[in-house]
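Participant: Here's a structure for you.
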Amino acid sequence: MSDAYVSLQNLSLAYGSSIVVPELNIDIRKGELIALLGPSGCGKTTTMRAIAGLMTPHSGKITIDGVDVTRMPANKRGIGLVFQSYALFPHLTAFENAAFGLRLQKRPAAEIEERVTHWLATVDLAHLADRKPAEMSGGQQQRLSLARSLVMEPKVLLLDEPLSNLDARLRLEMRTELQRVQRDTGITMVFVTHDQAEALALADRIVLMKDGVIEQLGTPDELYNAPRTVFGADFFGFENIFEVAGRDLIGAKGKMPVAFGATARHMAWRPGAVSVGSGPWEGVVTGVAFAGEKREYVLDTDLGQIKAATDASEPAYQIGDVVPFGLPEATGFPISG
Amino acid sequence: MQYKWTSRLIIGLTLTFLIGPFLIIVLAGLSAGEFMTFPPEGISLKWYLKVFTVDSFRASFALSMFLAVFGTIAALLLGVPAAYAISRYDIPFGETIKTIVAAPIIVPGIIVGLALLRYLVVPLNFTVTLALFLAHTALVLPYAVRVVSASLNNLRSDMEEAAVLLGCTRLGAFTRVVLPNIQGGVLAAFILGFVTSFNQVPVSLFLSGPGVRTLPIDMLSYMEITYDPSVAALSALLAFLSVIIVFVAEKFLGFSRYV
Ligand SMILES: Nc1ncnc2c1ncn2[C@@H]1O[C@H](COP(=O)(O)OP(=O)(O)OP(=O)(O)O)[C@@H](O)[C@H]1O
Ligand SMILES: [Mg+2]
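Chains A and B are the protein sequences, given in the same order.
So the first sequence is residues 741 to 1077, counted in our numbering.
So the second sequence is residues 1091 to 1349, counted in our numbering.
This is how it looks when you write it as structure tokens:
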């Protein structure tokens, strides 16, 4: 609590009478990079808008650096926001878009020139400084939007899916760049994504949200390896999750007895954790996909569908093959929630 | 084949009805005779030149210009913020307000003129010029609100929020971000308002007083006394003026996008 830089306390957010976020508590440390992760419509953008001051909370409190900013106007908070929709100024060139905030502060021309040039170069847009947004690609617009916020060197930078429109290569590049900027400047960042890989790669801590409620908050390691809820496990690639009742696993289609006793309400296996080719049960292959190092299978079993993966070097099965498989206790992960 | 001929016929008729009167007026003004006739009796430019020497035409042209320019500016000063408020804020009955503002387009000018005269100008003892100015402002206002609303609706509101987060006040965001992006619409509204005001007859008819008349009213009363071709010549000149304004506006603004 004491080392919180940005703190959301009992924050409740609503549009009119429909409450989107019932009660949110998050403490963000100075210089931390937080990922807000969750399915579409879970309230990520809404939360960002509240932190930025674009929406007044229904109730609760937001503090930044110990100051209560709940009622502070957005233009006084010193928070940057990279909009999901970029929100660039169509009548201004890339350079002037990026210079907008500095011009408002009446900074000396030389300083504006230097800072804008620097950040445009950082996001690889120096050569497009004279273009209007309409003459730029979606990815370029997105990077300009990022530069426009970074030029201001805000205390807190909120990024609403800042990399969603970039191709895989550029995405990786910008991801690294963003991380470097964050380490160099020490700007506290909250970024929204619904890409779990991006969250895992970038964030110091991840906030996993569902329907406006935090499912789990922790390090990438904790969320990936120790999900606390079925939703979290599902989100981080435990594709096979079954309820445990006594000595039975319960799937969508039916139940199967297992050799181990229940330690939690659910057991979950990643595709790679399912043993294929050996095990006490049998399933029919209904789908095969070659994914480079791995071969992915969909098996139809007495439990329902099971997703499995084997090393590509192991013998391959065809659709229609009946394969023995197992769900070993050792490779499964118990979920209490 | 048959469709082609039918459609050509329809287009031909439409053009005849639209451009025909215009041609007749232009030619009638070119007459060398003393009365307005068609076809003209001989050809001369004397009536086109006479237009510029009639004192009352000059005075009423000046008044019409004044009303068209300043009435439209006043309408925009009211209409732009109104359109902005309706489109951006959750104003109760916003749509209703928009409809009410549009009333002068729907209600016949005669009724608006009579109402203004009977319930505003006479009881409050306004001067003729002030009354005309207020009336023209009111008449142009709906166009201002409509046209500006249309361009505001094409503008995403998140860029204003972006401006605020970069340090602008709400008003600053409006002048720095919204206005530059709707200036085409504002200019289009100005031109539309200008032409509407300049050509306005029914309302001005009620409000014009002795010695203070707009140009169209002046032309009407001139015709009651003198039936020479100068009115035709003046009409033709005004029509040319409108055509030029709209042509330039279309060329530089893509005017037709807004109306
Ligand atoms: N202006 C609004 N008025 C009413 N409801 C809204 C408004 N904006 C969003 N909502 C609702 O609030 C909920 C959360 O929306 P929000 O935009 O925060 O989702 P999100 O997590 O950012 O989703 P996405 O990943 O699709 O961007 C959704 O159910 C949405 O329908
Ligand atoms: Mg969103």
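Virtual Cβ for every residue (Gly too), placed ideally from N, Cα, C.
Treat the numbers as computed from the prediction; the structure is a model and nothing was measured.
Is DSSP giving A:Q936 helix, strand or coil here?
Facilitator: Helix, per DSSP.
Participant: Just list the residues that DSSP pairs A:Y1037 with in beta bridges.
Facilitator: Paired residues: A:V1028, A:A1048.
Participant: Could you tell me the distance, in whole angstroms, from the CA atom of B:D1308 to the CA atom of B:S1146?
Facilitator: Using only the alpha carbons, I get a separation of about 7 Å.
Participant: By Cβ distance, which residues of its chain are closer than 7 Å to B:F1156, with the 5 residues on each side in sequence left out?
Facilitator: Within the same chain, B:F1156 has no close Cβ partners at all.
Participant: With DSSP collapsed to three states, give me the class of A:N965.
Facilitator: Helix.
Participant: Anything in the segment 1242-1259 of chain B with a Cβ closer than 8 Å to a Cβ of chain A? List those residues in chain order, please.
Facilitator: Listed in sequence order: R1246, D1248, M1249, E1251, A1252, A1253, V1254, L1255, L1256, G1257, C1258, T1259.
Participant: Does ligand 2 have a heavy atom nearer than 8 Å to the CB of A:K950?
Facilitator: It does not: the Cβ of A:K950 is nowhere closer than 8 Å to a heavy atom of ligand 2.
Participant: Could you please give the first and the last residue of the uninterrupted beta strand (DSSP E) stretch that includes A:G771?
Facilitator: Element bounds for A:G771: n/a, residue is neither H nor E.
Participant: Hey, A:L773 and A:Q922 are a contact pair by Cβ (cut 8 Å); roughly how many whole angstroms apart?
Facilitator: So it is a contact: roughly 5 Å between Cβ atoms.
Participant: Residues around ligand 1, please: the ones whose beta-carbon is closer than 5 Å to some heavy atom of it, in chain order.
Facilitator: Chain-ordered list of matching residues: A:Y755, A:V760, A:S780, A:G781, A:C782, A:G783, A:K784, A:T785, A:T786.
Participant: Rounded to a whole number of angstroms, what is the C-alpha to C-alpha distance between B:L1277 and B:L1168?
Facilitator: Going from the Cα of B:L1277 to the Cα of B:L1168 covers about 15 Å.
Participant: A:M741 to A:D767, Cα distance in whole Å?
Facilitator: At A:M741 the pLDDT is 49, less than 50, meaning the model places this residue with poor confidence and gives no usable figure here.
Participant: Give the single residue among B:N1271, B:A1322, B:L1328, B:F1330 whose Cα lies nearest to the Cα of B:P1130.
Facilitator: When only C-alpha atoms are compared, the closest one is B:A1322.
Participant: If B:G1257 and A:Q845 are in contact, beta carbons under 8 Å, what's the gap, nearest whole angstrom?
Facilitator: Contact flag correct, Cβ pair sits at about 6 Å.
Participant: Using the Cα positions of A:P967 and A:F1000, report the straight-line distance between them to the nearest angstrom.
Facilitator: The alpha-carbon atoms of A:P967 and A:F1000 are separated by roughly 21 Å.
Participant: Please look up how many angstroms separate the CB atoms of A:V947 and A:D900, rounded, as I've assumed it's under 8 Å.
Facilitator: Actually they do not touch by this definition, with Cβ atoms about 14 Å apart.
Participant: Give a yes or no on whether the C-beta atoms belonging to A:V1014 and A:Y1057 are separated by under 9 Å.
Facilitator: Cβ distance not < 9 Å, so A:V1014 and A:Y1057 don't count as in contact.
Participant: Given a cut-off of 9 Å on the beta-carbon distance, is the pair A:T928 and A:R769 in contact?
Facilitator: Against a cut-off of 9 Å, the Cβ pair of A:R769 and A:T928 comes out as a contact.
Participant: Is the beta carbon of B:A1158 less than 9 Å from the beta carbon of B:F1284?
Facilitator: Against a cut-off of 9 Å, the Cβ pair of B:F1284 and B:A1158 comes out as a contact.
Participant: Output needed for B:I1272: all residues of its chain with C-beta closer than 7 Å, excluding positions within five of it in sequence on either side, in chain order.
Facilitator: For B:I1272, where only same-chain residues beyond five positions count, the Cβ hits under 7 Å are V1238, S1241, L1242, L1245.
Participant: Determine, using beta carbons only, whether A:G1012 and A:K993 come nearer to each other than 9 Å.
Facilitator: In this structure, A:K993 does not lie closer than 9 Å to A:G1012 by Cβ.
Participant: At the 9 Å Cβ level, is B:G1262 part of the contact set with chain A, yes or no?
Facilitator: B:G1262 counts as touching chain A.
Participant: I'd like the list of long-range same chain contacts for A:L703, defined as Cβ closer than 6 Å, with 5 residues on each side in sequence excluded.
Facilitator: Any property of residue 703 of chain A remains undetermined from this structure, which presents chain A solely from 741 to 1077.
Participant: For the segment 1098-1110 of chain B against the segment 1310-1318 of chain B, are there 3 or more C-beta pairs whose distance is under 8 Å?
Facilitator: Touching, no, given that fewer than three Cβ pairs across the two stretches are closer than 8 Å.
Participant: Measuring alpha carbon to alpha carbon, tell me which of A:G952, A:Q919, A:W1009, A:L898 ends up nearest A:V746.
Facilitator: Among A:G952, A:Q919, A:W1009, A:L898, the Cα nearest to that of A:V746 is on A:L898.
Participant: Given the structure, does A:E1036 come close to ligand 4, in the sense that its CB is under 8 Å from one of the ligand's heavy atoms?
Facilitator: As presented, the structure is devoid of ligand 4, carrying ligand 1 and ligand 2 as its sole ligands.
Participant: Could you list the residues in the segment 1263-1274 of chain B with a C-beta less than 7 Å from some C-beta on chain A, going in chain order?
Facilitator: Those would be V1267, P1270, N1271, in chain order.
Participant: For A:Q1058, which three-state DSSP category applies?
Facilitator: Coil.
Participant: May I ask which residues mark the beginning and end of the alpha helix (DSSP H) holding A:G820?
Facilitator: First-last for A:G820: 819-822, but that is the beta strand (DSSP E), not the alpha helix (DSSP H).
Participant: Note down, in chain order, every chain B residue with its Cβ under 8 Å from the Cβ of A:I819.
Facilitator: Here the neighbours are L1255.
Participant: At 4 residues or longer, and completely inside the segment 770-805 of chain A: list those alpha helix (DSSP H) runs for me, N to C.
Facilitator: As far as the segment 770-805 of chain A is concerned, its whole alpha helix (DSSP H) runs of at least 4 residues are 784-792.
Participant: On the DSSP bridge list, what partners appear for A:T928?
Facilitator: Note: A:T928 sits in a beta bridge opposite A:V896.
Participant: Could you please give the first and the last residue of the uninterrupted beta strand (DSSP E) stretch that includes A:P1074?
Facilitator: Note, A:P1074: beta strand (DSSP E), 1073-1075.
Participant: Between A:A1013 and chain B, is the shortest Cβ-Cβ distance under 9 Å, so that the two count as touching?
Facilitator: A:A1013 does not count as touching chain B.
Participant: Using a Cβ-Cβ cut-off of less than 7 Å, give me the residues of the segment 879-907 of chain A that come near chain D, in sequence order.
Facilitator: No chain D is present in this structure, whose protein chains are A and B.
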